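Residue numbers (our numbering): 1106 to 1460.
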């Protein structure tokens, strides 16, 4: 089968013929219909996140936002059949650890990141495997476009889990979103659907315009203001600041701007992961966080059971993840799309939909 294959850090990705994946007794093999092209793939390709143990090896197949049809089922799998359309979280769990049993499978003790390790290849390929299928697979409702589902495995899911389950977003709250890439636009869309007043922050006007289309009521163009946190606060009642502020980029400047945009008692949600420049470490105004009782939360993927919430909101026309999809491409175009992600000027979520 054809797949996009990692060669070396920073070296061009290549489309090659590789062996189709094996189906283990607890897993399935899925024929790929669509897969989001995520900045997380780009980070791994560039050698970021070594401090997290992400060290890609030659021959790795990226791609962790998939949807497709089951074509082979392991003998111990009970919940899906051949022909079912499915998706899955990128952070695959085994279903047995204390976190899984508590409903927090996204931080499973034995979590395996799809497309970042050689023993769980990704979906930039004609077929991909899913381990522990009964735990990780999610059936896609009839009538849902596969392209609309691509992106749920990482960006939209992480934003949905973070906004809907990690912090307390109430109707009428002010919510700032710093960085309007795929995950930031997803956070904007979800927070707006939950009734928040969203302030979108970015350096690219086109991204701010799209954020407005997705529900933002105010925007801050970073290059047009001297002090981003103060510009954010100026939009809120009494200029007190926002109840929830989200960093969707992961660079030191945006993390700090997000924390400094908070009102007293506000909640910061970290969705963006850092780059090699930060190396996983960012300075924070700890004393101000203590004296103003600001809170810091993280969001990492989403447990499988929360997909039902997304699909119900889609069915009720509260959210539409497909609106964030900016372009589709063929498998052979994935290397070029990945290169463009490094320029930070891609709009929305690119999706590979031809295999």
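Note that beta-carbon positions come from the ideal geometry of N, C-alpha and C, so glycine has one too.
Predicted model, so just to flag it, every value in this text is computed and none were measured.
Q) Helix or strand or just coil, what does DSSP make of residue 1366? A) coil
Q) Which residues share a DSSP beta bridge with residue 1107? A) 1122
Q: Mind the definition here: the region 1232–1251 touches the region 1189–1200 only if three or more C-beta pairs lie below 8 Å; say whether that holds.
A: yes
Q.
Can you check which of these residues, 1300, 1336, 1326, 1331, is closest to residue 1311 by C-alpha distance?
A. 1326
Q) Can you name, in chain order, every residue of its own chain whose Cβ lies under 8 Å from the Cβ of residue 1316, other than the five neighbours on each side? A) 1282, 1285, 1289, 1290, 1293, 1303, 1305, 1307, 1324
Q) Count the other CB atoms within 10 Å of the CB of residue 1162; is the residue buried (16 or more) or exposed (fewer)? A) exposed
(Q) Suppose contacts are defined by Cβ-Cβ distances below 7 Å. Is residue 1140 in contact with residue 1259 by that definition? (A) no
Q. Who does residue 1302 pair with in a DSSP beta bridge?
A. 1279
**Q.** Three CB pairs or more closer than 8 Å across the region 1386–1405 and the region 1429–1440
**A.** no
Q. With 16 other CB atoms within 10 Å as the buried threshold, where does residue 1429 fall?
A. buried
Q. At what residue ranges does the region 1304–1390 contain a whole run of the beta strand (DSSP E), taking only runs of 3 or more?
A. 1323–1326, 1347–1352, 1367–1375
**Q.** Sequence ranges, beta strand (DSSP E) only - wholly within the region 1180–1262, length at least 3
**A.** 1190–1192, 1232–1235
**Q.** residue 1412 - containing alpha helix (DSSP H), residue span
**A.** 1412–1420
Q.
If I measure Cβ to Cβ from residue 1137 and keep anything under 7 Å in the same chain, skipping five residues before and after, which residues do I get?
A. 1171, 1173, 1228, 1230, 1231, 1232, 1233, 1460
Q: Report the three-state DSSP secondary structure of residue 1441 (helix, strand or coil).
A: helix
(Q) Only counting the same chain, and skipping five residues up and downstream in sequence, which positions put a Cβ closer than 8 Å to that of residue 1462? (A) Outside the shown range of the chain, which is 1106 to 1460, sits residue 1462, and nothing can be said about it.
**Q.** Whole-angstrom distance between residue 1180 and residue 1297, CA atom to CA atom
**A.** 44 Å
Q: Decide if residue 1081 is buried, meaning its Cβ has at least 16 other Cβ atoms within 10 Å, or exposed.
A: Beyond the ends of the chain as shown, which are 1106 and 1460, falls residue 1081; an answer cannot be given.
Q: With a 10 Å radius around its C-beta and 16 neighbouring C-beta atoms as the bar for buried, classify residue 1399 as buried or exposed.
A: buried
(Q) Buried or exposed, going by whether 16 or more other CB atoms sit within 10 Å of the CB of residue 1147? (A) buried
**Q.** Boundaries (first-last residue) of the alpha helix (DSSP H) holding residue 1048
**A.** The displayed coordinates of the chain run from 1106 to 1460. Any statement about residue 1048 would go beyond what the structure contains.
**Q.** Candidates 1449, 1342, 1254, of which the one nearest residue 1458 by Cα
**A.** 1254
Q: Tell me residue 1135's beta-bridge partners as DSSP assigns them.
A: 1175, 1233
(Q) Out of 1354, 1385, 1390, which one is the CA nearest neighbour of residue 1377? (A) 1354
Q: Decide if residue 1336 is buried, meaning its Cβ has at least 16 other Cβ atoms within 10 Å, or exposed.
A: buried
**Q.** Of the residues 1394, 1314, 1352, the one placed nearest residue 1452, counting alpha carbons only
**A.** 1314
Q: Report the option in 1205, 1159, 1413 whose CA atom is closest to the CA atom of residue 1221.
A: 1159
Q) Among all the DSSP beta bridges, which residues are the ones paired with residue 1454? A) 1430
Q) What does a CB cutoff of less than 8 Å around residue 1129 pick up in its chain, not counting 5 residues either side in sequence? A) 1179, 1234, 1236
Q) Who pairs with residue 1401 in a beta bridge, going by DSSP? A) 1373
**Q.** residue 1459, DSSP secondary structure in three states
**A.** strand
Q.
Going by beta-carbon coordinates alone, are residue 1373 and residue 1364 separated by less than 7 Å?
A. yes
Q: Rank 1391, 1131, 1422, 1344 by C-alpha distance to the C-alpha of residue 1366 and give the top, closest one.
A: 1344
(Q) Can you give me the C-alpha to C-alpha distance between residue 1125 and residue 1368, rounded to a whole angstrom? (A) 53 Å
Q.
Residues in the same chain with beta-carbon distance under 6 Å from residue 1246, minus the five sequence neighbours each way, listed in chain order, please.
A. 1416
Q: State buried or exposed for residue 1135, treating a residue as buried only when at least 16 other CB atoms are found within 10 Å of its CB.
A: buried
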